[in-house]
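The sequence shown begins at 17 in this note's numbering and counts up one residue at a time. Quick notes on the structure that follows.
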Amino acid sequence: MATADAGQQEELSTPEATLLVDPAAPAPSRTAPAEAPTDEPHRPAPPTKQQIIAEFSARKPQEWGLHVTGVVTRSAAGQIALTLDACGGPGGTACDQQLLTTLRKLNVPATLFLNERWIQANPALTAELARDPLFELANHGFLHRPLSVSGKSAYGIAGTADISQVYDEVMGNQAVLQDIIGHVPGFFRPGTAYFDDVAAAITRRLGLLPVNFTINGDGGATFAPSTVAAEVGKARNGDIVIAHFNKPGSATAAGLAQALPRLLGQGATFGKLGAVLPL
Ligand SMILES: [Zn+2]
């Protein structure tokens with residue numbers, strides 16, 4: 017019994033628990049929960065790479081693309097989800113501050129998919145974004161590779177070659193992000209947004225929801241402002257919009273600055289993926 021009490025004392029001395037203890041309240045009874053409550057749902061540890069290889073090696077992919085089986089592209093919520101990628105790599109490590117300013121001014125939340133290369137180039141900015149409640153950080157892969165169990169390519173970019181590389185692409189950046197944000201990210205989108213169906217299933221088995229989009233908002237940061245505005249302006253409840261915030265020279269910020277006030281004026285509301293998709 018003394019051991020159990022000592023254990024409980026230990027739990028209650030953690031910073032999270034301290035906030036929950038009212039100093040005027042009587043000492044906690046022995047029936048109080050031993051674990052301090054947190055706002056994170058308990059999730060089991062993901063399988064190891066060896067377990068994933070053993071579980072999936074017999075499966076042959078049937079689909080390759082943006083909208084394959086197992087990949088979420090819309091929600092059932094009465095909100096629009098805006099997702100913004102930061103891809104990193106040559107020419108891809110900048111930050112579109114004008115776009116972030118627009119979101120903050122309009123109070124439009126967004127889920128930011130960060131690639132590990134972008135994070136390495138922007139550590140302080142990543143920490144700042146992690147602290148901003150308007151944003152939610154998600155996993156955009158380690159080397160920004162299309163997620164394939166058989167080495168397929170997309171847009172001339174070589175995909176992961178096998179299950180082992182799929183695991184590394186997802187979990188390499190998962191560890192980096194978890195260190196920064198203090199909890200396990202819940203959503204994954206690979207570089208180029210291409211999956212095969214087995215890689216999508218592996219992503220789910222690793223505890224992440226594979227998420228793509230209903231509306232391509234900026235065509236990989238290539239659309240003109242009027243095209244961005246027209247495409248994003250089509251968004252309705254349940255839609256997931258993709259655009260980029262790592263290309264400040266693109267028209268994405270200008271297009272969103274046109275589309276978002278219009279949508280808000282029509283009564284649209286926006287939610288982060290964590291608010292519109294069940295994990
Ligand atoms: Zn990307």
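The beta-carbon is built from N, C-alpha and C at its ideal position, and this holds for glycine as well. If you're wondering where the values come from, they're calculated on a predicted model, not measured in any experiment.
- Looking at the backbone, the Cα of Asn253 and that of Thr243 are separated by about 20 Å.
- In this structure, Thr89 and Phe229 form a Cβ contact; the two beta carbons are roughly 6 Å apart against a cut-off of 8 Å.
- Per DSSP, Leu128 is one residue of the beta strand (DSSP E) stretching across 126-130.
- Leu128 and Ala97 have their C-alpha atoms roughly 11 Å apart.
- Cβ atoms of Cys111 and His160 stay farther apart than 8 Å, at about 16 Å.
- Cα atoms of Ile197 and Phe151: separation of roughly 11 Å, rounded to the nearest angstrom.
- Excluding five sequence positions before and after Thr208, the CB atoms of its chain that fall closer than 7 Å to its own CB belong to Pro162, Ala170, Tyr171, Ile173, given in chain order.
- The criterion of a C-beta distance shorter than 8 Å is not satisfied by Val200 and Gly236.
- Exclusion of the five residues before and after Glu132 leaves Phe158, Asn189, Val192 as the residues of its chain whose Cβ lies within less than 6 Å of its Cβ.
- Not one heavy atom of ligand 1 sits closer than 7 Å to the Cβ of Gly172.
- Take Ala137, set aside five residues on each side of it, and the residues of its chain with a beta-carbon closer than 6 Å to its own are Thr109, in chain order.
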